[in-house]
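Here's the structure we're looking at; comments come further down.
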Amino acid sequence: MDFLPENLQTVLQNPTFAYLQTTTQDQLASKLSNLRTMVLQPYIIEPVSSFLASYSSTMPDLLSLFLLAIIILVSIKILDYAYRVVMFWVTLAFRLVFWGSILGLGWYVYRVGIENASRDVGWLWGLIYGFVGDFQEKSKIAAAAYENAPK
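291 is the number of the first residue of the sequence shown in our numbering; add one for each residue after it.
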């Protein structure tokens, strides 16, 4: 106790402090034993032990349940890790395709010029518009044929 400051040494050497320290330990031990005999034993330990004893032939033992819980937790962690790995690669692939198409489009415009690129975009827009218009026309014809079909 030489390393403690002087005012703490006097407090720790005081007989009142020593009395409180021993009394607290004794009281704590008596309170805990009282808690076990008055609360834990009749309300928790005995009902659980009687329940486990009555269903011991049909219920698995506690170690099996504990191992099952651990196996389930480890499996969930492994599945979470696998999900994260797969999502990383899928996201990486989508990003590579996106930025690759942006760079490819920029390279194409650089190579052919803005005027030729805009003419090609107009041609592509007309092609898509024609396919969409044809699809809408055919779907209207199919819907009208379905409506006029005998029921």
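Don't be surprised by glycine CBs; every beta carbon is placed ideally from N, CA and C.
First and last residue of the uninterrupted alpha helix (DSSP H) at residue i
i: valine 390; result: Correcting the residue identity first, residue 390 is glycine in this sequence and not valine. Residues 352-402.
i: threonine 300; result: 296-303
Per-residue DSSP class, three states only, for residue i
i: phenylalanine 341; result: helix
i: alanine 439; result: coil
i: phenylalanine 421; result: helix
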